[in-house]
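Residue numbers (our numbering): 174 to 478.
Ideal Cβ positions, reconstructed from N, Cα and C, are used throughout, including at glycine.
All figures in this text were calculated on a predicted structure; none of them were measured in a lab.
Heads up: the structure comes next, in structure tokens.
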């Protein structure tokens, strides 16, 4: 099983510097990849340009892969997006994993002048245009001459594409494209199993080869201090009560929290139940300081080894 990590602290004035430092730490610890979300108009926690911020991480690292949990295609010009992804892949010497998504909040689409009802259609058409551009197909003609994308990505035909999919239609779309999907971080284990099986069925029914990567994003915290574990559980209970009322109700239904032995057992359960082979560990827990978060990452990697 490969282990990845999301940024565990962001939203300060020194955003790029802070994220680059976290990327360095993640690489030094031995994580396979470092991931950023994308969100708009959320005040201090907004991350509207993940590729630009990952470029800062790329400049400070050399091996760790760089991922987006949901690079939002419907709000973008597909040719410009294809160029920017290719540039980041060049800057990082071929380390990009592009997690792509549609978005779900109407308040995010409105400022861009895009009806929410068009998000799936725009996602599909923009992705097709981006893939064609990356593979060197002409993207336009001018005065009888073909115009093609330059530079092309280091990874050919393009960086790995994973689809953020939080509902049946999105899971079906990911499967019919033959691409891995990244589930909601608050799905229960039983729901994850059902959705992974559904996704695999869509992949099979459309004639694609089996998807090799089965990624799961989970909030993870490992500590051998009972008092700190209790603090983390209280914080996560508040989070699920305020943000995810209609999904998981117990921390253990949607997060992996405990001491080193419990985490090792939990990872085994995920492997056996889901076929999990790529865990994206989500940090950023309210009230947990940087040292405790980094120590949690160290313990996670030991438990997974």
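Contact belief for residue i with residue j at Cβ below 8 Å, rounded distance in angstroms
i	j	result
residue 245	residue 276	5 Å
residue 366	residue 446	6 Å
residue 332	residue 262	5 Å
residue 470	residue 202	6 Å
residue 311	residue 320	6 Å
residue 477	residue 174	6 Å
Neighbourhood of residue i by C-beta, 6 Å cutoff - its chain only, sequence neighbours within 5 removed
i	result
residue 432	397
residue 460	408
residue 180	192, 195 and 209
residue 381	351
residue 349	375 and 379
Sequence-distant residues of the same chain with beta carbon closer than 7 Å to residue i, five excluded per side
i	result
residue 391	358, 428, 429, 452, 454 and 455
residue 289	279 and 282
residue 222	none
residue 334	271, 273 and 352
residue 198	467
residue 325	259, 307 and 309
Residue i - containing beta strand (DSSP E), residue span
i	result
residue 242	238-245
residue 460	That residue, residue 460, is in no beta strand (DSSP E); it is neither H nor E in DSSP.
residue 314	313-315
residue 175	175-179
residue 274	269-274
residue 344	Looking at the DSSP string, residue 344 is not in any beta strand (DSSP E); the run it does join, the alpha helix (DSSP H), is 341-349.
residue 183	Counting along the chain, residue 183 falls outside any beta strand (DSSP E), and DSSP gives it neither H nor E.
residue 388	388-395
residue 319	318-320
residue 334	334-337
residue 207	206-209
8 Å Cβ shell around residue i - same chain, five flanking residues per side excluded
i	result
residue 280	214
residue 346	293, 296, 297, 336 and 338
residue 322	252, 255, 256, 259, 306, 307, 309 and 312
residue 383	373, 376 and 377
residue 212	218, 219, 220, 221 and 281
residue 363	none
residue 285	248
Beta-carbon proximity check, residue i vs residue j, cutoff 8 Å
i	j	result
residue 237	residue 200	yes
residue 220	residue 258	no
residue 242	residue 209	yes
residue 270	residue 206	yes
residue 308	residue 330	yes
residue 463	residue 182	yes
residue 450	residue 355	no
residue 458	residue 395	no
residue 361	residue 426	yes
residue 229	residue 268	no
residue 443	residue 405	no
residue 410	residue 393	no
residue 264	residue 226	no
residue 370	residue 465	no
First and last residue of the uninterrupted alpha helix (DSSP H) at residue i
i	result
residue 305	292-307
residue 437	433-447
residue 370	362-378
residue 263	251-264
residue 228	223-233
residue 201	188-202
residue 280	279-282
residue 424	424-427
Heavy atom of the ligand ADP within 7 Å of residue i beta-carbon
i	result
residue 453	Only the bare structure without any ligand can be found here, which leaves the ligand ADP out of the picture.
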